[in-house]
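K.L.:
Using full-length UniProt numbering, you'd call the opening residue of the sequence shown number 1 and step up by one each time. Even for Gly, the Cβ is constructed at its ideal location relative to N, Cα and C.
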Amino acid sequence: MTHCKEVVVTYPVYCFSDIDCIWADVSAYTERQMTLQKGVRLAGLGTFTFSQQKLDLGNKFTVIQRPIFLLAGKLVQSLGLKQTRPLAAVVQLNFAAVSQEGPFSRDVVEGCIRETLLLLFRALASEQNVFVTFQGIGVLSFKNNKVRMKFNSDFINAMDGTGRLLLAFKNVSKCMCICMLQEHQQAEEKAQEKLLLIKEQQRDKQCMEEEQVCNKSLQPHNNMHTLHETSFIFPARPLTPAKRIQQHRYMNDLQSQIESRRQHEAQDQQNRLLMEHLDQVQLVQEIALKKAQHLQQKQERTKHYKTALDTQFVSLCLCFLSRLILDRINRFEKKRDISKSLEDEWSRSVKLKHQQEEDERRFLRCVDLLVDKLAQYRRCRQCKRRTSNFGESNIWKDSHYLSGSQFMI
């Protein structure tokens with residue numbers, strides 16, 4: 001943008017490269033939104049949007065879509081321009097989205113754009129020529145109180161939603177002969193119309209001159225009548241009716257107009273009430289239909305859920321049945337093992353009891369007891385020898401020791 005030095009002086013936080021970077025991000029955001037068939041509104045400057053035009057190819061018309069730029073209301077009022085309404089949905093410039101594309105924060109981007117627009121307003125107020133460059137989009141020029149937005153050819157081709165722009169310009173060369181013939185015919189028709197108009201004007205001028213000459217010849221006679229006659233008498237003229245008759249006629253006309261207007265208003269009111277009633281009935285029907293659809297969907301979901309639960313219940317029942325059978329088998333085997341172990345224990349106890357009883361019976365069958373036999377084998381309490389032992393020893397008297405031997409013989 002021009003006047004970049006004044007921008008830096010006015011807002012000393014930014015340098016020229018920062019301002020250029022921020023406006024490049026704004027241009028990229030605008031181009032991306034317009035690629036999505038959405039306009040972008042720059043608060044205080046204007047709006048980027050689309051327009052559809054009919055291109056005359058000679059024998060037919062084709063509709064093409066081209067980007068346009070609409071100035072803001074303040075600039076339109078100050079420059080006295082006329083704008084058309086946009087044909088596409090418009091979104092506000094998102095400072096947060098622009099800040100994400102560059103190294104600057106949202107507040108910095110918003111402040112830079114506002115300061116730049118304020119400088120633009122001051123430059124336009126002083127009737128200076130200003131050029132605003134949007135990278136990838138085009139150049140917005142303010143020159144001699146005229147505004148012009150020049151878009152890049154690549155951007156125009158990219159924004160053509162109809163896809164007929166290039167085809168239309170290619171077909172122009174094929175239809176040049178037809179166009180030239182039509183232009184020649186139109187030129188001849190215009191020449192004939194112009195000639196007829198000139199002849200008509202000359203004839204009117206001649207009639208006017210003759211009428212003026214006649215009036216000039218009758219003017220002295222009229223002046224004499226004017227000097228002597230101060231009033232006119234019309235004997236054949238009918239009498240002027242009274243004012244009340246004309247007023248009564250006017251009153252009747254006004255009354256009829258009022259009645260017709262009231263009837264129209266009543267009819268409009270009735271039609272409006274009827275339309276509102278029809279809208280309400282339609283709304284009630286739509287609500288009832290949606291409610292019925294919702295209930296039907298709910299019933300279908302309940303039915304599906306019940307079917308799923310039944311299927312799950314059957315599968316779980318089969319699983320539980322198999323597990324129950326296995327559990328009963330395990331319990332039966334466990335009981336059988338316990339019964340077998342008890343039977344073995346009982347049989348062992350019975351055998352042991354029988355053995356003990358057999359031992360007792362055998363013991364009882366024995367005549368002499370060990371206690372009874374102690375009287376036959378009496379011992380000394382002190383040396384534990386027989387009572388019949390008188391000086392006997394358990395050492396051999398004939399034993400002798402051999403030298404070098406480990407034993408006594």
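Measuring only the C-alpha atoms, how far is R148 from Q267?
P.N.:
Roughly 50 Å between the two C-alpha positions.
K.L.:
Measuring only the C-alpha atoms, how far is F95 from L283?
P.N.:
Computed Cα separation, rounded: 41 Å.
K.L.:
Just to confirm, are T30 and F16 a CB contact at a threshold of 8 Å?
P.N.:
Contact: no.
K.L.:
With DSSP as the reference, please indicate the residues paired to G138 in a beta bridge.
P.N.:
Note: G138 sits in a beta bridge opposite F134, F151.
K.L.:
Drop a sphere of 10 angstroms on the beta-carbon of W23, count the other beta-carbons inside from all chains shown, and report buried for 16 or more, exposed for fewer.
P.N.:
Its Cβ being crowded by 16 or more others within 10 Å, W23 is buried.
K.L.:
Tell me Q280's beta-bridge partners as DSSP assigns them.
P.N.:
Per DSSP, none; premise fails for Q280.
K.L.:
For C207, count the other beta carbons within 10 Å of its own beta carbon; 16 or more makes it buried, fewer makes it exposed. Which is it?
P.N.:
Flag for C207 reads exposed.
K.L.:
Could you spell out the range, first to last residue, of the beta strand (DSSP E) harbouring L42?
P.N.:
It spans 39 to 42 - the beta strand (DSSP E) in which L42 sits, taken as one unbroken run.
K.L.:
Distance check for I287 and G136, CA to CA, integer angstroms please.
P.N.:
Near 50 Å, if we compare the C-alpha coordinates of I287 and G136.
K.L.:
Counting only the same chain and skipping the five closest in sequence on each side, list residues whose C-beta sits under 6 Å from that of S217.
P.N.:
Contacts found: none.
K.L.:
Could you tell me whether the segment 127 to 143 touches the segment 25 to 40, using the rule of 3 or more Cβ pairs below 8 Å?
P.N.:
These segments touch.
K.L.:
May I ask you to verify whether the segment 33 to 40 touches the segment 108 to 123, counting CB pairs closer than 8 Å and requiring at least 3?
P.N.:
They do not touch, by the three-pair rule.
K.L.:
I need the straight-line Cα distance from Q355 to S341, nearest angstrom please.
P.N.:
Rounded to the nearest angstrom, the two C-alpha atoms are 21 Å apart.
K.L.:
Below 8 Å on the Cβ atoms is my contact criterion, and I expect A72 with G44 to pass it. Report the Cβ-Cβ distance as a whole number of Å.
P.N.:
At roughly 6 Å, the Cβ-Cβ gap stays under 8 Å, so A72 and G44 are in contact.
K.L.:
Give me the Cα-Cα distance between L326 and L316, rounded to the nearest whole angstrom.
P.N.:
Their Cα atoms are separated by approximately 15 Å.
K.L.:
How long is the line joining the alpha carbons of E360 and L352, rounded to whole angstroms?
P.N.:
Their Cα atoms are separated by approximately 12 Å.
K.L.:
Count the other CB atoms, across all protein chains shown, that sit within 10 Å of the CB of S173; report buried if there are 16 or more and exposed otherwise.
P.N.:
Reliability fails at S173, whose pLDDT of 47 lies under 50, so the model's placement of it is uncertain and the value that follows must be treated cautiously. Per the 10 Å Cβ criterion, exposed.
K.L.:
What number of angstroms, rounded off, separates the C-alpha of F320 from the C-alpha of R336?
P.N.:
Looking at the two C-alpha atoms, the distance is approximately 24 Å.
K.L.:
Rank D25, F155, Q128, R262 by C-alpha distance to the C-alpha of K146 and give the top, closest one.
P.N.:
Comparing Cα positions, the closest option is Q128.
K.L.:
Does DSSP put T387 in a helix, in a strand, or in coil?
P.N.:
Three-state DSSP puts T387 in coil, outside helix and strand.
K.L.:
In the structure shown, what three-state DSSP assignment does T240 receive?
P.N.:
Note: T240 maps to coil in three-state DSSP.
K.L.:
Three-state secondary structure (DSSP) at S51?
P.N.:
Strand.
K.L.:
Do R378 and R385 have their C-beta atoms within less than 8 Å of each other?
P.N.:
Contact: no.
K.L.:
If you run the structure through DSSP and keep just helix, strand and coil, what is residue 410?
P.N.:
No statement about residue 410 is possible, as the shown extent of the chain runs from 1 to 409 and does not include it.
K.L.:
Identify whether Q246 lies in helix, strand or coil by the three-state DSSP scheme.
P.N.:
Helix.
K.L.:
Helix or strand or just coil, what does DSSP make of L71?
P.N.:
DSSP places L71 in strand when its eight states are reduced to three.
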